[in-house]
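S.K.:
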Amino acid sequence: MQTLTLEQETNPWEAQAARFDEAATRLKLDAGIWKVLRYPSREIIVHIPVSMDDGSIEVFTGYRVQHSVARGPAKGGIRYAPDVSLDEVRALASWMTWKCAVVNIPFGGAKGGVICDPKKMSQGELERMTRRYTASLIEFIGPEKDVPAPDMNTNEQTMAWIMDTYSMHMGQTVTSVVTGKPVNIGGSRGRREATGRGVSIVCDQALKYLNMTPESTTVIVQGFGNVGSNSAKLLWDKGYKVIGIGEYDGALFNPNGIDISELLEYRARHGVIHGFPGADAADKDDLLTRKCDVLIPAATENVITSKNADRIKARILCEGANGPTTTVADEILADKGVFVIPDILANAGGVTTSYFEWVQDRMGYFWTEDEVNQRLERIMIDSFDDVLQYAVKHEVNNRIAAYMLAIDRVAYTTKQRGIYA
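Numbers in this note's numbering are just positions in the sequence shown, counted from 1, shifted up by 844.
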């Protein structure tokens, strides 16, 4: 594998491409199919004018990248952040293709983003920007084409605006154009907790595989947003000992375990986790390298790099976030014998339940939360087993195994369908 500079190492598109190339090489992938799968099938850039509250007009740049539609409509979140870039959206779109293929659901990958600082925008400004962004993409999205979902700094409300805008253009209510909607307008029960639930299910499977028990397993979670907080709560409910929680502006640590339901109540009251009486304040960067059995990075990409990978002391690394570990760090962790549950498997609970939401919208018939969770559990366990079998059979680490499994599935369908001329 070629060596990467730190800048390349943390470029999500380069990182994704390096892993893709390694997996494709091991699969002896046909050169033509390799070219087809290595690049997105469509990249859309839109510049959207928005009337701001003070009467001025601001122009925002938005992206939507559709990586593959071989196995079904494209699927992927929309993020609002100041540092959104085309490379990041490209990488996330291809990750979505592999993620959907790992859990074997009939979607391809897409991703969207708008360069903005949502923290500095009013609700009205965000709504107008979202609706204009949706209108600019109207020909490219739809239940059979590309189904967006929430991601960083977007939520159920954002999805409701997109669904409404799309429906207005279609002249009828189309709930299945997005997932991650509020339950009363076609959202799925269990969707909000789904990614964290998926993380907790694969942790259970890893413990079984490594002959460990929840009671004697310590957990550190980095990031306490949707994925991190739900993962922590579900693992704590199952008897795991959660000893550390990290946030972007600080961390908590208690070697005897943190009561997660008390912490969630504290955060609901105060808006932050800092000052929580049930744990000591800790350094957020230190937290990643503290001794624990399970480390769950659930914040952003590139938190485990060549700079700190050699100091990771976890037995299991379960990736709640997308791309938290760089390719160079992967090799260091492999040498240390860390059992990695890669992002395209670990956090696929979200897209799996999004798939359930899309199915329910199209049927017009909705499942109970128990039904949703049972179906999710079945898929996550099967996918974990598939990846593990691939790793053993091909003598590769879990990440390359997950990529090989995913690429194999997408390549097979691409070949079967043939190239339309």
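A virtual CB, placed ideally from N, CA and C, is assigned to each residue, including glycine.
If you're wondering where the values come from, they're calculated on a predicted model, not measured in any experiment.
1. Starting from residue 872, trace the alpha helix (DSSP H) in both directions and tell me its first and last residue.
2. Within 10 angstroms of its Cβ, does residue 926 collect 16 or more other Cβ (buried), or is it exposed?
3. Looking at residue 949: is its Cβ nearer than 9 Å to the Cβ of residue 1255?
4. If I'm right that residue 1023 touches residue 1198 with Cβ under 8 Å, what's the distance once you round it to whole angstroms?
5. At which residues does the alpha helix (DSSP H) containing residue 1252 begin and terminate?
6. Buried or exposed for residue 938, please, with buried defined as at least 16 other CB atoms from any protein chain shown within 10 angstroms of its CB.
7. Check each candidate in 1065, 1253, 1130 and name the one with the smallest Cα separation from residue 871.
8. For residue 972 and residue 901, I'd like the C-alpha separation in whole angstroms.
9. My output table needs one value for residue 1093: the three-state DSSP class, helix, strand or coil.
10. Identify every run of the alpha helix (DSSP H) within the stretch 1149-1200, keeping only runs that are complete inside it and at least 4 residues long; order them along the chain.
11. Taking only runs of the beta strand (DSSP E) that begin and end inside the stretch 896-979, which ones reach a length of at least 3 residues, in chain order?
12. I need the boundaries of the alpha helix (DSSP H) containing residue 1123, first residue and last residue.
13. Between the Cα of residue 868 and those of 1097, 1155, 914, 1247, spot the shortest distance and give me the residue it belongs to.
14. Among the candidates 1016, 1006, 1164, whose CA atom is the shortest distance from the CA of residue 1025?
15. Residue 845 by DSSP, collapsed to three states: which one?
16. Please report the straight-line C-alpha distance between residue 1182 and residue 933, rounded to a whole angstrom.
M.R.: This is what the structure holds:
1. Per DSSP, residue 872 belongs to no alpha helix (DSSP H) and is neither H nor E.
2. exposed
3. no
4. 4 Å
5. Start and end: 1242-1261.
6. buried
7. 1253
8. When rounded, the distance between both Cα atoms is 11 Å.
9. coil
10. 1171-1180, 1187-1190
11. Counting only runs of 3 or more, we get 901-910, 918-925, 952-959.
12. It is not in any alpha helix (DSSP H) - residue 1123 carries neither H nor E in the DSSP assignment.
13. 1247
14. The candidate whose alpha carbon is nearest that of residue 1025 is 1006.
15. Residue placement at residue 845 is poorly supported in this model, since its pLDDT is 48, which falls under 50; the coordinates are not used for a value here.
16. Approximately 29 Å between the Cα atoms of the pair.
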